[in-house]
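Engineer:
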DNA sequence: AGTAATTATTAAGCATTGTTAAATAGTTTT
DNA sequence: AAAACTATTTAACAATGCTTAATAATTACT
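Protein chains in written order, with my numbering: chain A, 14 to 223; chain B, 14 to 223.
Below, the structure is given as structure tokens:
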């Protein structure tokens, strides 16, 4: 057989990404293969290489869709005008919940097959930055006098930490005997960190005032 | 050829682990293979399977040695009697430095090939717990009245967060344009979190006193 | 000492993997 | 209707980890 023209190029792309995503519901990112994706599409491997440069390229597009979902979920939130800490906690819970419900998709975002291969394209970095901006906005509201650099730094610290809790609570047994849920851990992190961060800034302001 | 008896069983074990460790200096954990290890030893794969159950088992033993190095490094520290926050920061920097200098070995600790396969053996979990105990001891010194559960929870939060910062700062480009070093991020995390955590406890104590 | 049992080591086979080049069959153009 | 084009398949390559059968060297036993 050849040249079926059952699907346009765009349809094939959509089909490939959807197939990969469905497979990642049942297995880990490292087990995902081109042949599996092709089979799920009803095509063979060669077709994939006509649409995507290679497997990492395909997976990068899967990640782009994942980032979009995360961003859209964040946008749907009813944000509080006053309680910015709660807003950050809500973002963190969206992240945690997604990681729990879609461990395969989530794991893929940090897959070295994709990250190590090439420089990430701009359109992809922009999606990541957009997510960071959400946190930065809340931090800026908490401490309007903080420098831009301090805001960026703090958003990275916070989000890396949230990410770390997700990683370790999802993948393994390090928490085996302890009865702490990941929600509790996330809440402890954000409560204590933001509390400390606010007070640090207040002290600095007092220092300046004296 | 067969039965060279150039090495005893123990020597072969040592040789295999050392070979794996050396390979991990130049490549990522996911690229590491039995054939590579065997070739580096000057043997073939079958020999490995006489010493270890399988590859995950071999890697688990590599990890055990990594954990021991980390623990020994922590023990070498000159701990402060008063400034427990600095002690925790020192532990975190040991962790960060190791991750930076030995990304392959460090990555392997969280490899799913090992973690997902079986339940971890007790002798391994004990090594992990010993490392957590170091942090727990410092936290207990900061807040002697905190419950055991609160100490365990807090150690998990802190260490997961440190781990998250290491993960993201080593593996990828999410921090591309921002000029924050991982040391800065770690310091911000620990300073702010511990500050917030201490104050939270003080408030609770006040509540109880009233 | 010489044969038998044991065991360390190799070598080969299986089912995978990503990727590419060539063959094939359907569509479009001439 | 024939020729040009191209989407799709097929087949091949070099890897991977795992398992097992064959082989060779040592040890144990008579």
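All residues carry an ideal CB built from backbone N, CA and C; glycine is no exception. If you're wondering where the values come from, they're calculated on a predicted model, not measured in any experiment.
Quick check: residue 177 of chain B and residue 177 of chain A, are their CB atoms within less than 7 Å of each other?
Structural biologist: Going by C-beta atoms, residue 177 of chain B is nearer than 7 Å to residue 177 of chain A.
Engineer: In chain B, what lies closer than 9 Å to residue 97 of chain A by C-beta?
Structural biologist: Going along chain B, no residue has its Cβ under 9 Å from residue 97 of chain A, so there is no contact; the nearest lies around 15 Å.
Engineer: Can you confirm whether residue 312 of chain B, when its beta carbon is compared against all beta carbons of chain A, has any partner nearer than 7 Å?
Structural biologist: This structure leaves residue 312 of chain B out entirely; chain B is present only between 14 and 223.
Engineer: Checking 7 Å against the spacing of the C-beta atoms, do residue 170 of chain B and residue 83 of chain A come in under that value?
Structural biologist: Contact flag unset, no.
Engineer: Under 7 Å between beta-carbons, which chain B residues line up against residue 205 of chain A? List them in chain order, please.
Structural biologist: The answer, in chain order, is 206, 209, 210, 213.
Engineer: Pick out the complete alpha helix (DSSP H) segments inside the stretch 94-173 of chain B, 4 residues or longer, and give them in chain order.
Structural biologist: If we require 4 residues or more, the alpha helix (DSSP H) runs fully inside the stretch 94-173 of chain B come out as 97-114, 116-121, 125-128, 135-155.
Engineer: By how many angstroms is the C-alpha of residue 74 of chain B removed from the C-alpha of residue 98 of chain A?
Structural biologist: Going by the C-alpha atoms only, they are around 43 Å apart.
Engineer: Suppose you measure from the CA of residue 36 of chain B to the CA of residue 141 of chain B; what does that come to, to the nearest Å?
Structural biologist: One C-alpha to the other measures close to 24 Å.
Engineer: Check the C-beta distance from residue 105 of chain B over to residue 175 of chain B and give it rounded, since I have them as a contact under 8 Å.
Structural biologist: Their Cβ separation, rounded to whole angstroms, is 5 Å, which keeps residue 105 of chain B and residue 175 of chain B in contact under 8 Å.
Engineer: Please classify residue 205 of chain B: is it buried, with 16 or more other beta-carbons within 10 angstroms of its beta-carbon, or exposed?
Structural biologist: That one is buried.
Engineer: Using the C-alpha atoms, what's the distance from residue 168 of chain A back to residue 85 of chain B?
Structural biologist: Cα to Cα, the separation comes out at about 33 Å.
Engineer: Does the CB of residue 75 of chain B have a neighbour CB from chain A at under 7 Å?
Structural biologist: Closer than 7 Å: no.
Engineer: Chain A partners of residue 180 of chain B, CB-CB under 9 Å?
Structural biologist: Within chain A, the residues near residue 180 of chain B are 123, 173, 176, 177, 180.
Engineer: Does residue 33 of chain B get closer than 7 Å to chain A when you measure Cβ to Cβ?
Structural biologist: Residue 33 of chain B does not count as touching chain A.
Engineer: Answer with yes or no whether the minimum CB distance from residue 81 of chain B to chain A is below 7 Å.
Structural biologist: Taking Cβ atoms only, chain A never reaches closer than 7 Å to residue 81 of chain B, which makes this a no.
Engineer: With a threshold of 7 Å between beta carbons, is residue 58 of chain A in contact with chain B?
Structural biologist: Taking Cβ atoms only, chain B never reaches closer than 7 Å to residue 58 of chain A, which makes this a no.
Engineer: Residues in the same chain with beta-carbon distance under 8 Å from residue 93 of chain A, minus the five sequence neighbours each way, listed in chain order, please.
Structural biologist: Excluding residues within five positions, the ones whose Cβ falls inside 8 Å are 99, 100.
Engineer: Below 8 Å on the Cβ atoms is my contact criterion, and I expect residue 107 of chain A with residue 76 of chain A to pass it. Report the Cβ-Cβ distance as a whole number of Å.
Structural biologist: Between residue 76 of chain A and residue 107 of chain A the Cβ distance is about 17 Å, and since that is not below 8 Å, they are no contact.
Engineer: Is the Cβ-Cβ distance between residue 42 of chain B and residue 121 of chain B less than 7 Å?
Structural biologist: Yes, these two residues count as a Cβ contact at 7 Å.
Engineer: Cβ-heavy atom distance between residue 92 of chain B and the ligand PLP below 6 Å?
Structural biologist: Among the components modelled here there is no ligand, and therefore nothing to report on the ligand PLP.
Engineer: Evaluate contact between the stretch 23-33 of chain B and the stretch 44-59 of chain B, counting only Cβ atoms and requiring at least three cross-stretch pairs below 8 Å.
Structural biologist: The stretch 23-33 of chain B, when compared against the stretch 44-59 of chain B, does touch it at the 8 Å Cβ threshold.
Engineer: Looking at the C-beta of residue 53 of chain B, does it have a partner C-beta in chain A at a distance below 7 Å?
Structural biologist: Judged by the 7 Å Cβ criterion, residue 53 of chain B is not in contact with chain A.
Engineer: Using a 10 Å radius around the Cβ and a threshold of 16 neighbouring Cβ atoms, would you call residue 166 of chain A buried or exposed?
Structural biologist: Buried.
Engineer: Within 10 Å of its beta-carbon, does residue 151 of chain B have 16 or more other beta-carbons around it, so buried, or fewer, so exposed?
Structural biologist: By the neighbour-count rule (16 or more Cβ atoms within 10 Å), residue 151 of chain B is buried.
Engineer: Report the rounded CA-to-CA distance for residue 149 of chain A versus residue 161 of chain A, giving the unit in angstroms.
Structural biologist: Near 9 Å, if we compare the C-alpha coordinates of residue 161 of chain A and residue 149 of chain A.
Engineer: Chain A partners of residue 184 of chain B, CB-CB under 9 Å?
Structural biologist: Neighbours of residue 184 of chain B on chain A, chain order: 123, 125, 128, 129.
Engineer: Would you say residue 14 of chain A reaches chain B, if we count a Cβ-Cβ gap shorter than 7 Å as a contact?
Structural biologist: Unreliable placement is indicated for residue 14 of chain A, whose pLDDT of 47 sits below 50; the coordinate value is still reported in the next sentence. With 7 Å as the cut-off, residue 14 of chain A does not count as an interface residue toward chain B.
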